[in-house]
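Chemist:
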Amino acid sequence: MEPSSIISQMFRQLPKPVLWQRSKEPFWDDEHISKGMLEAHLNPDWDAASRKQSFIDSSVKWLTSLIPAGSKILDLGCGPGLYTRQLSAAGYDVTGMDYSRRSIAYAREQDSKTKYIYHNYLEMDEIEVYDVITLIYCDYAALIPEERKLLLSKVHRALKPNGLFIFDVFTEQTCRGKEEHTSWSYYDKGGFWSEQPHLCLDAEYYYENNTVKLDENIVITENDLRIYLIWNTLYTKETLLKEVTPFGFEMHSIYDDVCGSPYTGQVDTLCPVLRKC
Ligand SMILES: C[S@@+](CC[C@H](N)C(=O)[O-])C[C@H]1O[C@@H](n2cnc3c(N)ncnc32)[C@H](O)[C@@H]1O
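For any residue, its number in the working numbering is found by taking its place in the sequence shown, counting from 1, and adding 2.
Right under this line is the structure:
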């Protein structure tokens, strides 16, 4: 039998993960994966771990037009500091928080103005410290519902009165008409997921009328099998507002993206600016 048909048979045996099942494998802070991830962050022409440099530049330009001078900003999931470095250079008092050791180490090397903290943002405990908190590149929606609730309460607590929470999410447009599918690849010299030769079984699944997407990556090496589950909730302005308002936020303004493009609701992303009330 051809390897491809054996693998197709294997796929048919695999159950679709239960909604909101969490992977046990470290992802962002994994010693090997974080190496490839940092390369992806730093590629200025690739919309992978971070957006392209041209987008980041316009984003910072917009953020500086919105955020009053002298503000204290916290960037959650700051990665290697592509936004924080520019925001500090613009004169703000900036803190970046991330739990990739490799990204934080790189950020610190490049930028001594920003304060960088290696920490899980779901465990932050500050009270009324920041004027603005950002979370950029759709990471809010990669959290499962209990984590999103926890994050909203932590962000609310860490903001000063009337402070702003600025983030972006993917919209339902992203997955309209998309269907579940599977694929596989073999990396005989190692690759993104492992430095050892590995077989990667990839599946894209949808839940809740295509408003939740799961990317499942099963990575099989000679001695190991790891399953990575990456969730993404897809929003509309209405579903997002309904979710955040019980946590003490009101909509300050809304945009199509984190560059401040006027809101149309017709594109792949949505960027709310929430005010703590
Ligand atoms: C898609 S990247 C975006 C990085 C950065 N915001 C950018 O756009 O360049 C997501 C980042 O969030 C970090 N991250 C994910 N979950 C986190 C958590 N619970 N606490 C702290 N950082 C987290 C990852 O390590 C990664 O650097």
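Even glycine gets a Cβ: it sits at the ideal position worked out from N, Cα and C.
I'd like the list of long-range same chain contacts for residue 263, defined as Cβ closer than 7 Å, with 5 residues on each side in sequence excluded.
Modeler: Position 261 of the sequence shown holds residue 263. Contacts found: 257.
Chemist: Going by C-alpha to C-alpha distance, which of 279, 36, 206, 209 sits closest to residue 108?
Modeler: As a working mapping, residue 108 is identified with position 106 in the sequence shown. It is 36 whose Cα lies nearest to the Cα of residue 108.
Chemist: Ignoring anything shorter than 3 residues, give me the beta strand (DSSP E) runs that lie fully in the region 51 to 86, in order along the chain.
Modeler: As far as the region 51 to 86 is concerned, its whole beta strand (DSSP E) runs of at least 3 residues are 74 to 78.
Chemist: Go ahead and label residue 17 buried or exposed: buried means 16 or more other beta carbons lie within 10 angstroms of its beta carbon, across all protein chains shown.
Modeler: Taking the first residue of the sequence shown as position 1, residue 17 is located at position 15. Exposed, by the Cβ-count rule.
Chemist: Would you say the beta carbon of residue 133 is closer than 6 Å to some non-hydrogen atom of ligand 1?
Modeler: Along the sequence shown, read from residue 1 onward, the residue named residue 133 stands at position 131. No; taking the cut-off as 6 Å, the Cβ of residue 133 has no heavy atom of ligand 1 nearer than that.
Chemist: So, residue 146 versus residue 260, is the Cβ gap smaller than 7 Å?
Modeler: Sequence index remark: in the sequence shown, residue 146 carries index 144 (1-based). Sequence index remark: in the sequence shown, residue 260 carries index 258 (1-based). No, Cβ-Cβ distance for residue 146 and residue 260 is not below 7 Å.
Chemist: If I follow the unbroken beta strand (DSSP E) through residue 228, where does it start and stop?
Modeler: Start at 1 with the first residue of the sequence shown, and residue 228 comes out as number 226. Note, residue 228: beta strand (DSSP E), 227 to 235.
Chemist: Tell me whether residue 257 sits in a helix, a strand or coil according to DSSP, three-state version.
Modeler: For the purposes of this step, residue 257 is taken as the residue at position 255 of the sequence shown. The answer is strand: DSSP assigns residue 257 an E or B state.
Chemist: Less than 7 Å between the C-beta atoms of residue 152 and residue 124, yes or no?
Modeler: Along the sequence shown, read from residue 1 onward, the residue named residue 152 stands at position 150. Along the sequence shown, read from residue 1 onward, the residue named residue 124 stands at position 122. Yes, they are a contact pair.
Chemist: Indicate the three-state DSSP secondary structure (helix, strand or coil) for residue 276 in the structure shown.
Modeler: By one-based count along the sequence shown, residue 276 stands at place 274. Note: residue 276 maps to strand in three-state DSSP.
Chemist: Please state whether DSSP places residue 1 in a helix, a strand or coil.
Modeler: Residue 1 cannot be examined here, being either before or after the span of the chain that is shown, 3 to 279.
Chemist: Beta carbon of residue 30: closer than 6 Å to some heavy atom of ligand 1?
Modeler: To locate residue 30, count along the sequence shown from 1; it is residue 28. For ligand 1, at least one heavy atom lies less than 6 Å from the Cβ of residue 30.
Chemist: In or out: residue 279 buried (at least 16 other Cβ within 10 Å) or exposed?
Modeler: The residue you call residue 279 lines up with position 277 of the sequence shown. It counts as exposed.
Chemist: In the structure shown, what three-state DSSP assignment does residue 177 receive?
Modeler: As a working note, residue 177 is residue 175 in the sequence shown. Correct three-state label for residue 177: helix.
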